[in-house]
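See below for the structure under consideration.
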């Protein structure tokens, strides 16, 4: 079976494995492993007909005419997201990292894109954004961040603002709690949500520094993210376990923190006892002058 399946594309392989192996626990485990190997980000569902809604979720967009790339920086486990209109080639970059600026610009050049906006979902504490240096290398590029972040940028955003690129756009939803300036970016058709550190895959951002407030974060996620459609794909700013995407429905049901009551969530967050981020003393001052820092 393996020799035959290896000659077909990853989605066909996923379907074949699911159909053949779903009957046994051992087979299901093997199928899940193979799905993760050949289709990162693809959900290991039991019904192969339902798999199409998550196909290539870490690499491709479900929206027609939208190019999407998910990129990873290993030191801080940060995801950077590139979105572009396939016709106009106008593009947006979310949460770029200084260490990967050359990789990101190379990809943008290879794809022939016109990067309009580089946006940060909040003032990061674990890495320095590349928006400042990127603005020096790309003519007319604008930086963006929440107006509540206390940081400098060309565009200071708040609830309901739109970042347009071609016929597509991202809508800002203020989601404070990890920091006062956290925001999530939702695609126009609500098929994708870029949640920064507010909502992670089976987790959330910490609330013990940078204006953190557990109660505020709980309200933000439940009011601004969990109200999106169940099938809306969740793309966080970080993941430390190799997970590439989730959905609003999954997180509402299975997130071990945010599926609890507000009081339980606050108690969990107040007792995490996490170490101080290693780069916070360097990253935060640099990111407060987001888009214009000297590096």
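Numbering (UniProt numbering), first residue to last: 1 to 295. Backbone N, C-alpha and C define an ideal beta-carbon position, used for all residues, glycine too.
Per-residue DSSP class, three states only, for residue i
{"i": "residue 131", "result": "helix"}
{"i": "residue 196", "result": "strand"}
{"i": "residue 236", "result": "strand"}
{"i": "residue 225", "result": "helix"}
{"i": "residue 65", "result": "coil"}
{"i": "residue 92", "result": "strand"}
{"i": "residue 180", "result": "coil"}
{"i": "residue 145", "result": "strand"}
{"i": "residue 71", "result": "strand"}
{"i": "residue 266", "result": "helix"}
{"i": "residue 97", "result": "strand"}
{"i": "residue 249", "result": "helix"}
Neighbour-count burial assignment, residue i, 16 or more Cβ in a 10 Å radius
{"i": "residue 262", "result": "exposed"}
{"i": "residue 186", "result": "buried"}
{"i": "residue 73", "result": "buried"}
{"i": "residue 254", "result": "exposed"}
{"i": "residue 299", "result": "Nothing in the structure corresponds to residue 299, since the chain is present only between 1 and 295."}
{"i": "residue 251", "result": "buried"}
{"i": "residue 227", "result": "exposed"}
{"i": "residue 172", "result": "buried"}
{"i": "residue 236", "result": "buried"}
{"i": "residue 81", "result": "buried"}
{"i": "residue 281", "result": "exposed"}
Residue i, enclosing beta strand (DSSP E) - first and last residue
{"i": "residue 168", "result": "168-174"}
{"i": "residue 185", "result": "183-187"}
{"i": "residue 118", "result": "114-119"}
{"i": "residue 157", "result": "155-157"}
Residue i: first and last residue of the uninterrupted alpha helix (DSSP H) it sits in
{"i": "residue 215", "result": "214-220"}
{"i": "residue 165", "result": "Here residue 165 belongs to no alpha helix (DSSP H); instead the beta strand (DSSP E) covers 162-165."}
{"i": "residue 85", "result": "Premise fails: residue 85 lies in the beta strand (DSSP E), 78-85, not in any alpha helix (DSSP H)."}
{"i": "residue 102", "result": "101-110"}
{"i": "residue 280", "result": "280-287"}
Supposed contact pair residue j and residue i - C-beta distance, whole angstroms, cut 8 Å
{"i": "residue 283", "j": "residue 154", "result": "In fact, because the Cβ distance is near 20 Å, the residues do not count as touching under 8 Å."}
{"i": "residue 98", "j": "residue 121", "result": "At roughly 16 Å, the Cβ-Cβ gap does not stay under 8 Å, so residue 98 and residue 121 are not in contact."}
{"i": "residue 66", "j": "residue 83", "result": "6 Å"}
Contact between the stretch 232-247 and the stretch 184-202 is defined here as three or more beta-carbon pairs at a separation below 8 Å; is this criterion met? yes
Cβ pair count under 8 Å reaching 3, the stretch 166-181 against the stretch 204-216: yes
Touching or not, the stretch 114-131 and the stretch 84-99, by the rule of three or more beta carbon pairs under 8 Å? yes
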